[in-house]
Amino acid sequence: MALQHLAPELLVRIFESLSSVPDIISLSLTCRYFYEILPKSQKLALFFSTIDETDGPVEDIIQLLTQNSSQMLHIRRSPPLSFALLSQVTAVARIAQRYVDIFPKFKWPEAESVNRRVFDRHEARRLRRAVYRLWSYAKAFHQFPYRTARTDATATIERLQLLRTWSNDELFELEDFRGLLEQLLATEICPTDGEVYSRVPEDAQKFHLSLQYPYLRPVASTPQVFNDLFHSSRDSDNDSHKPTVQELRIRHMQGWGSDLQNFYLIQSFLKFSPAQILWLFDNAVSRTDVERFIEQQTHDPCFFESGSMFFQDWVTVLHARGVDVQQAREAIWEEKAGIVVTGRSWAV
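Add 421 to a position in the sequence shown, counting from 1, and you land on the number used in this note's numbering.
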């Protein structure tokens, strides 16, 4: 029996069993009958439920996208579903999926590379949830225009109210993700002078030629457009020998100072949203690229004079719940809590 001769109820079940939005679209475009068998409202609901399975939690993406100055952040918002909202949801989901792809490298760096693997579906969902929630926090409290000034008591109350809506386990996931972002920033975007120097071959170090070594010479950066954070502005090239952005960055990224200076710089970079940090990872080759990005994104000459407030708020909320913060962080490092839990779970 041809597929189109099946009862409509069975065809609807087939649509509901598909595991991705492209599969649903492909089947619906097979013929006019399949295209019209589901009303738009039902098809839209099916798209959102499918995205929730593959790229969710969708609810957290919606909370991110529907932020507004007239509502408190910790109050859940339920906007009507639409294809316009669906388009925005999928764009945000692509950012989270990139983190799922790249973060095993930072979760298990070179010293632990023997343990490196892809995240399973539960770990991937926990990571995506952390991405969406830290993005909401950054968008609300660190992005211009600000909801309230960071020194305003109202801003502190609102930040803490937002974190209190999340369970301890979810807060551990957020700290795990924040720690991974710190690693990405420290190794890729603002390495220390010592880290950059260590990349110079030993013979160059021995003869003190580091300042003349070509890999450390800054390159002239080409003007780039930072408006679209969801796509790379670099032209594609079929040349298989063309170096990657990461390879170019190893050659040309200058150091940003000492270990102590690096610590405070990273706290400032954490004011950026996950989308902005990912843009830097995918595009910035030199320190000049990074500085130009900061200028165009923030228009703030005092960008490095303040850092993200998230960690302080995280500590405050967990202290109020009677959680030993140091033990919690050690449990995250030992993979007993957070995004990846490989040992016996840590009891709060």
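From the three backbone atoms N, C-alpha and C, an ideal C-beta is built for every residue, glycine too.
Between the CA atoms of residue j and residue i - distance to the nearest angstrom
i: Q518; j: A545; result: 8 Å
i: F527; j: S534; result: 10 Å
i: K663; j: L605; result: 23 Å
i: Q633; j: V521; result: The pLDDT assigned to Q633 is 42, lower than 50, so where the model puts this residue is not dependable, and the model offers no usable value.
i: Q492; j: E579; result: 11 Å
i: Y685; j: A512; result: 31 Å
i: R742; j: E480; result: 25 Å
i: R765; j: S490; result: 42 Å
i: Q488; j: D473; result: 20 Å
i: L459; j: V433; result: 7 Å
i: E726; j: E751; result: 29 Å
i: L630; j: Y553; result: Residue placement at L630 is poorly supported in this model, since its pLDDT is 46, which falls under 50; the coordinates still yield a value, given next. Spanning the two alpha carbons is a distance of roughly 45 Å.
i: F731; j: H740; result: 14 Å
i: P530; j: S729; result: 25 Å
i: P429; j: G477; result: 29 Å
i: V711; j: L424; result: 55 Å
C-beta contact flag for residue i and residue j at 8 Å
i: W700; j: C611; result: no
i: F679; j: D573; result: Reading off the sequence shown, one finds Ser at residue 679, where the question assumed Phe. It is not a contact, given that the beta carbons lie outside the stated cut-off.
i: L502; j: A561; result: no
i: A758; j: F593; result: yes
i: Q675; j: V744; result: no
i: R708; j: I671; result: no
i: W556; j: A696; result: yes
i: V468; j: L506; result: Reading off the sequence, residue 468 comes out as Phe, not Val. No, the pair does not count as a contact, with Cβ atoms beyond the cut-off.
i: H495; j: Q582; result: yes
i: A607; j: I687; result: yes
i: A551; j: I760; result: yes
i: S440; j: T475; result: yes
i: V375; j: P525; result: Missing from the structure shown is residue 375; the chain here goes from 422 to 769 and no further.
Given 8 Å, three or more beta-carbon pairs between the region 716 to 727 and the region 587 to 605:
no
Three Cβ pairs or more, each shorter than 8 Å: is that satisfied between the region 539 to 553 and the region 593 to 611?
yes
Within the region 494 to 543, note down every full alpha helix (DSSP H) run reaching 4 residues or more, in order along the chain.
504 to 528
At 4 residues or longer, and completely inside the region 458 to 497: list those alpha helix (DSSP H) runs for me, N to C.
461 to 476 and 479 to 486
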